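A.B. asks: Below is one structure. I have some questions about it.
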Amino acid sequence: MPYVDGFVVPVPIKNIAAYRTMSRKAGKLWREHGALAYFECVGDDVKPGKLTSFPQSVKLKAGETVVFSWIVYKSRAERNRINKKVMADPRLTKMMDPKAMPFDSKRMIYGGFKVFVEL
């Protein structure tokens, strides 16, 4: 079964184009190092909830939207191998300069997930 890294990120609406540019570069980097798939999805029908929601999870502010992303790997071992290569790649360091980030990485949530149903 595949393994997935998932992310929820608050992105200022004015920075969506810059975020898209960054994520295209990041996606190419992950795929080059072996990820099976890379997805970035911008909020379209994402409402604040009463108890919990995507906007609440990242403390969404006025003028921001939620981006939901995931990267697919063959296995957790492959994910660990690929992420080690990506993190050592100087292109990632350049991309992730905190001064140039088009989103607030402190409010990003993320984690690794074992797929247990695949249809």
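Count the sequence shown with the numbering used here and you get residues 364 to 482, in order.
Glycine included, C-beta positions come from ideal geometry on N, C-alpha and C.
Predicted model, so just to flag it, every value in this text is computed and none were measured.
Can you name, in chain order, every residue of its own chain whose Cβ lies under 7 Å from the Cβ of ARG454, other than the five neighbours on each side?
C.D. replies: Correct list, in chain order: LEU392.
A.B. asks: When burial is assigned at 16 or more other CB atoms within 10 Å of the CB, is ILE376 buried or exposed?
C.D. replies: Exposed, by the Cβ-count rule.
A.B. asks: Restricting to Cα atoms, I'd like to know which of GLY390, ASP407, PHE479 and MET385 is closest to SER438.
C.D. replies: Comparing Cα positions, the closest option is PHE479.
A.B. asks: Going by DSSP, what residues sit across from VAL324 in a beta bridge?
C.D. replies: The chain is shown only over 364 to 482; residue 324 falls outside these bounds and no answer can be derived.
A.B. asks: Let me know the beta strand (DSSP E) ranges lying completely inside the segment 382 to 451, each 3 residues or longer, listed in chain order.
C.D. replies: Counting only runs of 3 or more, we get 400 to 405 and 427 to 436.
A.B. asks: With distances taken Cα to Cα, identify the nearest neighbour of ALA400 among ILE434, ILE472 and ARG444.
C.D. replies: The residue with the shortest Cα to Cα distance from ALA400 is ILE434.
A.B. asks: Mapping the DSSP letters down to three states, classify PRO453 as helix, strand or coil.
C.D. replies: If DSSP states are grouped into helix, strand and coil, PRO453 belongs with the helices.
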